[in-house]
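Quick note, the sequences are listed as chains A and W, same order. Residue 43 is where the first sequence starts when you use the working numbering, and the numbers rise one by one after that. Residue 87 is where the second sequence starts when you use the working numbering, and the numbers rise one by one after that. The C-beta atom is built at its ideal place from N, Cα and C for all residues, glycine as well. These numbers come from a predicted model, not from an experiment. In what follows, a single structure is set out as structure tokens and then discussed.
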Amino acid sequence: MPSRRLSIPVRVPWFWLLLLATAFQLFSFAPLLLDPERAELPLYAALLGYIPLEWLFLILVRALAHRRHVELEILGLWLSGIGLAVCGSVSADYALKQLAAIALGMGVYALLMGIMASPDLAMKLRTPAAVGAVGLLALNLLLAKVINGTLNWITVGPISIQPSELVKLAFIFVGAATLEKLQTAPSVTRYLLFAMGCVGALFLMRDFGAALIFFATYIILAFLRSGDLKSIALVSAAAVMGAGLVIYFRPYVANRFSVYRHVWEHIHDTGYQQTRVLMYSSSGGLLGLGLGQGKLRGVFAASTDLVFGMLCEEWGILLAVLVLVSYLGMAAYVLHFARQARSAFYAIASVSAAGLILFQAALNVFGITDLLPLTGVTLPFVSRGGTSILCAWGLLAFLSSVTLGERKEASLAQE
Amino acid sequence: MHSISKRVWALLALILAFAAGSVVMLTGFAMNGERWASNRANSHIFSGGSVAIAGGIYDRSGMPLAVSKDGKRVMAESAIMRKATLHAVGDPEGFISAGAQSAFRDILAGYDPFNGIYELTKYGKGSDVVLTIDANLCKTAYEALDGRKGTVGVYNYKTGEILCMVSSPTYDPLHKPKDMDGQDKYEAVYLNRFLQGVFTPGSTFKTVTSACALQNIPDIQTRTFFCDRRYATGDGYVICRAKHGTLPFGEALSESCNAAFAAIADELGETNLRSMAAQLGFGKPFSVDGIPLAISTFPAGPLNNLELGWTGVGQHTTLANPCHMMVIMGAIANGGNGVNPRLIKELISPAGHTSRYGSPRPKTMLTLDPFLAASLQPMLCANVTDIYDPGLRKSGDLELCGKTGTAEVDGKTAHAWFAGFCQNPNYPYAIVVVGENAGGGFDVALPIAIRVLNAMK
Chain A
43 MPSRRLSIPV RVPWFWLLLL ATAFQLFSFA PLLLDPERAE LPLYAALLGY IPLEWLFLIL
103 VRALAHRRHV ELEILGLWLS GIGLAVCGSV SADYALKQLA AIALGMGVYA LLMGIMASPD
163 LAMKLRTPAA VGAVGLLALN LLLAKVINGT LNWITVGPIS IQPSELVKLA FIFVGAATLE
223 KLQTAPSVTR YLLFAMGCVG ALFLMRDFGA ALIFFATYII LAFLRSGDLK SIALVSAAAV
283 MGAGLVIYFR PYVANRFSVY RHVWEHIHDT GYQQTRVLMY SSSGGLLGLG LGQGKLRGVF
343 AASTDLVFGM LCEEWGILLA VLVLVSYLGM AAYVLHFARQ ARSAFYAIAS VSAAGLILFQ
403 AALNVFGITD LLPLTGVTLP FVSRGGTSIL CAWGLLAFLS SVTLGERKEA SLAQE
Chain W
87 MHSISKRVWA LLALILAFAA GSVVMLTGFA MNGERWASNR ANSHIFSGGS VAIAGGIYDR
147 SGMPLAVSKD GKRVMAESAI MRKATLHAVG DPEGFISAGA QSAFRDILAG YDPFNGIYEL
207 TKYGKGSDVV LTIDANLCKT AYEALDGRKG TVGVYNYKTG EILCMVSSPT YDPLHKPKDM
267 DGQDKYEAVY LNRFLQGVFT PGSTFKTVTS ACALQNIPDI QTRTFFCDRR YATGDGYVIC
327 RAKHGTLPFG EALSESCNAA FAAIADELGE TNLRSMAAQL GFGKPFSVDG IPLAISTFPA
387 GPLNNLELGW TGVGQHTTLA NPCHMMVIMG AIANGGNGVN PRLIKELISP AGHTSRYGSP
447 RPKTMLTLDP FLAASLQPML CANVTDIYDP GLRKSGDLEL CGKTGTAEVD GKTAHAWFAG
507 FCQNPNYPYA IVVVGENAGG GFDVALPIAI RVLNAMK
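Structure follows, in structure tokens:
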């Protein structure tokens with residue numbers, strides 16, 4: 043039986059962990075900062091600005107929210123720092139935007155943390171969140187048709203946002219917060235309708251990757267709430283049949299996945315990205331060719347969808363494995379604490395967020411390396427992209443809620 | 087709440103699945119990384135599908151045959167040298183799959199699982215490959231072929247080093263002719279005929295039939311055969327080129343008497359002949375430093391008597407790969423040990439370290455009973471001393487032994503073959519010459535072999 047203690051076996055003080063992360067960041071930024079050809083103020087500002095930002099963030103989280111456990115936050119900061127360096131190696135502009143997104147993401151984290159600490163407020167907000175999420179997706183569907191661009195983007199002036207990323211947060215929030223009434227049939231039905239609405243809208247947008255992530259998260263949430271494997275199996279079977287029907291009536295959907303496990307036969311067309319990821323990742327070896335020295339960066343979506351391949355090629359497979367291990371570490375951390383979480387709300391929010399992050403990371407990493415079909419989702423915390431970063435940091439708040447309410451924090455949160 | 091704390095274990099299933107997926111992915115990198123990294127689309131190494139930045143390729147004396155300079159591939163200086171070594175070196179675009187630039191591109195790219203292609207990006211090149219071939223000898227052989235289609239291959243039957251490997255038709259990779267497709271003179275130009283070609287072996291196959299006879303007919307050395315220009319099998323006649331009358335076994339080989347060998351095949355039977363062919367490597371996949379050889383084939387059975395008779399003299403549907411035939415000759419010369427040919431003499435890392443490639447000791451490709459090797463040797467040498475030399479194909483002090491072949495092919499001029507070896511311990515060489523639709527073995531192939539071997543003194 044698992045032990046009942048609320049601590050990880052070996053505790054390293056947060057200060058040293060963050061110092062280690064900072065040292066790693068300075069080491070990884072160095073080739074960019076010392077390269078005379080890249081010497082420009084915005085790049086220095088973006089990269090060096092991150093270090094005070096992360097220290098300030100963690101000090102504030104500890105001081106204002108009285109958080110004792112900040113290991114998850116440090117992992118998030120470490121991953122975001124890698125993503126920032128990748129952006130900086132492409133352009134200073136990307137790095138500045140990414141830095142701004144991380145800062146905003148920290149804000150989203152703080153906001154969600156605040157709401158989570160007050161379960162009563164959370165319960166009041168769940169209906170507006172659900173309505174807002176569905177509204178956002180509906181708006182997306184309407185606007186995207188007008189814009190006639192990629193369907194899952196909304197562009198307002200210079201800013202493009204991907205609503206599905208924000209809806210992920212609402213999805214978990216609503217799913218976890220309805221728990222207290224989990225036994226009542228209307229509540230379950232309402233959530234099912236909400237989930238179907240989200241997945242359906244994403245399907246219409248042809249964002250199959252996001253639709254899959256939502257579906258997987260729904261399964262996790264539904265299991266946590268009901269523990270009813272029979273009805274989950276039923277829902278899954280219905281979903282598989284639905285997907286089968288879609289593929290039958292819309293052959294282009296199947297075509298999109300036909301290259302799966304045949305990428306080398308389509309090296310110049312539909313398998314272009316995956317084959318480039320494989321050949322350049324192997325080119326990097328264990329230690330990588332060095333930041334900025336890769337060739338994958340020339341391929342479409344390199345710093346977003348294919349960023350894991352860039353890590354393999356330029357930072358080395360060892361570092362890339364470390365990134366995978368840190369997702370596993372986040373999930374294992376959540377699993378460790380979830381069994382003693384102060385409320386079911388926190389347990390469900392953290393476990394489903396951890397599941398979502400793992401599932402999305404798997405779709406990304408194994409999709410671009412052709413172990414799974416390519417769906418074009420981002421790598422949490424690392425991929426370039428504003429809304430993706432906002433979502434990752436919001437999910438981090440759900441993950442962290444697993445230790446909310448322990449001892450002192452509990453009393454503080456309820457004041 | 088209690089039930090929830092149990093259900094969170096579901097997350098463990100995801101964690102394990104993620105970890106398993108990562109292991110599968112990393113295993114894929116470990117197993118296929120070399121192949122993936124050296125893909126032609128990798129722009130670290132290739133530019134527009136051509137090798138741009140990679141290690142150099144040199145002949146055994148250090149003559150550069152293809153090296154990278156300023157992001158371009160520079161080839162040997164003279165056009166004739168480029169043509170003579172084209173199939174050994176390979177073309178930059180990779181049409182010639184058995185050439186070093188394609189076959190050894192992982193080495194040339196400097197890939198290793200630990201560093202990937204870091205050395206390539208650091209030093210601007212991968213490892214250099216020093217081939218076993220002598221470029222000047224290739225040039226001599228190419229000149230000796232004199233525009234004929236075919237191949238010449240020579241190797242050291244003790245060490246396995248291929249010293250000469252020429253395939254024709256060829257072209258100058260620096261001035262690649264346009265629209266070679268469909269032109270007869272460029273028929274199968276990308277094929278390395280020595281490694282990847284198969285031809286009807288004709289009378290050179292009588293060596294195999296002889297080996298089988300020596301093993302299965304105890305008194306074969308004292309037997310005589312009668313030739314009246316043909317041999318009657320139950321299903322028809324095997325035709326001979328002359329009326330040899332009565333002749334003993336050894337003379338039957340020297341005179342290359344079809345009637346005698348059809349009679350021998352008849353007596354041996356299909357099973358014995360097939361078994362000897364298999365023992366000598368017919369139907370087996372071989373490779374030279376990772377480059378697969380075309381597989382020599384013995385006709386599919388069951389054979390009727392006429393087919394068996396023709397098979398015994400290397401006709402019917404028998405096909406032989408020139409490199410394979412050369413190794414059979416090497417095995418006879420080398421006491422039965424047919425050493426596997428090799429094409430890479432050594433590798434030089436970008437940092438300048440020299441290393442061997444593959445096993446340090448010569449590997450065995452096929453073996454022949456030492457008794458058979460010892461019996462066949464004097465017979466093949468007698469071919470030269472009794473017939474070829476008196477016929478003014480003077481081989482001098484090479485102590486040449488071997489067998490010519492004139493392989494009949496439907497509706498076209500015959501293939502001219504010579505496969506043999508030098509007995510002189512100073513020249514431990516086995517050789518094969520094929521002149522594709524070029525005529526008789528004695529008239530065409532043998533003089534080429536003698537010219538090339540003399541150039542090696």
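8 Å Cβ shell around residue i - same chain, five flanking residues per side excluded
i	result
residue 404 of chain A	414
residue 136 of chain A	129, 130, 345, 426
residue 303 of chain W	309, 350, 353, 354
Close Cβ partners of residue i (< 6 Å) along its chain, the five nearest in sequence each way excluded
i	result
residue 301 of chain A	308, 312, 313
residue 451 of chain A	Residue confidence is low: residue 451 of chain A scores 41 on pLDDT, short of 50, so the model does not pin down where it sits. Its coordinate-derived value is still stated next. Within the same chain, residue 451 of chain A has close Cβ partners 108.
residue 171 of chain W	151, 221, 224
residue 189 of chain A	Because the pLDDT at residue 189 of chain A is just 48, under 50, the model does not fix this residue reliably, and the value given afterwards should be weighed accordingly. If we look at residue 189 of chain A and ignore the five residues flanking it on each side, it has no Cβ neighbours.
residue 59 of chain A	116
residue 321 of chain A	none
Contacts around residue i, its chain only, beta-carbon distance under 7 Å, and the 5 residues preceding and following it disregarded
i	result
residue 340 of chain A	none
residue 344 of chain A	338, 352
residue 44 of chain A	Bear in mind that the predicted position of residue 44 of chain A carries a pLDDT of just 45, short of 50, making it too unreliable to give a figure here.
residue 168 of chain W	161, 162, 258, 259, 260
residue 319 of chain A	338, 348, 351, 410, 411
residue 306 of chain A	313, 317
residue 436 of chain W	196, 205, 209, 211, 212, 213
Selected residue, minimal CA-CA separation from residue i, among the options
i	options	result
residue 244 of chain W	W:491, W:426, W:150, W:430	W:426
residue 460 of chain A	A:84, A:163, A:91, A:176	The first residue shown for chain A is 43 and the last is 457, placing residue 460 of chain A beyond what the model contains.
residue 444 of chain W	W:305, W:461, W:185, W:433	W:433
residue 112 of chain A	A:287, A:165, A:367, A:376	A:376
residue 463 of chain W	W:500, W:415, W:431, W:438	W:415
residue 389 of chain A	A:397, A:116, A:444, A:373	A:444
residue 523 of chain W	W:515, W:506, W:514, W:492	W:492
residue 407 of chain A	A:369, A:328, A:137	A:369
residue 119 of chain W	W:233, W:106, W:192, W:289	W:192
residue 399 of chain A	W:90, W:540, W:97, W:92	W:97
residue 235 of chain W	W:188, W:275, W:517	W:275
residue 471 of chain W	W:300, W:336, W:104, W:253	W:336
residue 428 of chain W	W:188, W:250, W:177	W:250
residue 503 of chain W	W:419, W:313, W:327, W:285	W:285
residue 352 of chain W	W:476, W:296, W:255	W:296
residue 190 of chain W	W:201, W:202, W:174, W:200	W:174
residue 363 of chain W	W:341, W:328, W:290	W:290
Beta-carbon separation (whole angstroms), residue i vs residue j, contact threshold 8 Å
i	j	result
residue 346 of chain W	residue 324 of chain W	That pair is no contact at about 10 Å.
residue 146 of chain W	residue 216 of chain W	7 Å
residue 247 of chain W	residue 431 of chain W	7 Å
residue 411 of chain W	residue 511 of chain W	Incorrect: roughly 23 Å between the Cβ atoms, too far for contact.
residue 488 of chain W	residue 505 of chain W	6 Å
Heavy atom of the ligand HEM within 7 Å of residue i beta-carbon
i	result
residue 529 of chain W	What this structure holds is no ligand at all, so the ligand HEM is not there to describe.
**Report entry** Residues of the segment 391-404 of chain A with Cβ closer than 8 Å to any Cβ of chain W, in chain order
**Finding:** 393, 396, 397, 400, 401, 403, 404
Report task. Using a Cβ-Cβ cut-off of less than 8 Å, give me the residues of the segment 250-281 of chain A that come near chain W, in sequence order. Result -> 262, 265, 266, 269
Query raised in the report: Do three or more CB pairs link the segment 493-512 of chain W to the segment 442-451 of chain W at distances below 8 Å?
Result: no
Report task. Taking only beta carbons into account, state which residues of the segment 319-331 of chain A come closer than 8 Å to chain W, listed in chain order. Result -> 320, 321, 322, 323, 324, 325, 326, 327, 328, 329, 330, 331
**Report entry** At least 3 beta-carbon pairs within less than 8 Å: the segment 372-385 of chain W vs the segment 319-338 of chain W
**Finding:** no
Query raised in the report: According to a CB-to-CB cut-off of less than 8 Å, which residues of the segment 94-119 of chain W neighbour chain A?
Result: 94, 95, 96, 97, 98, 100, 101, 103, 104, 105, 107, 108, 110, 111, 112, 114, 115, 118, 119
Query - Chain-ordered residues of the segment 119-135 of chain W with a beta carbon less than 7 Å from chain A - result: 119, 122, 123, 125, 127, 128, 129, 130
Query - Within 7 Å of chain W by C-beta, residues of the segment 408-420 of chain A in sequence order - result: 408, 411, 413
**Report entry** Under 8 Å (Cβ pairs) to chain W, residues found in the segment 333-345 of chain A
**Finding:** 335, 337, 340
Query raised in the report: For the segment 369-382 of chain A, which residues have a beta carbon sitting closer than 9 Å to at least one beta carbon of chain W?
Result: 369, 370, 373, 374, 376, 377, 380, 381, 382
Report task. Check whether the segment 421-439 of chain A touches the segment 253-273 of chain A, taking contact to mean three or more Cβ pairs, one atom from each stretch, closer than 8 Å. Result -> no
Requested in this report: Could you tell me whether the segment 230-245 of chain A touches the segment 158-177 of chain A, where touching means 3 or more Cβ pairs closer than 8 Å?
Outcome: yes
Requested in this report: Scan the segment 328-356 of chain W for residues whose Cβ lies nearer than 9 Å to a Cβ of chain A and list them as they occur along the chain.
Outcome: none
Query - Interface residues of the segment 208-239 of chain W facing chain A [CB-CB below 8 Å] - result: none
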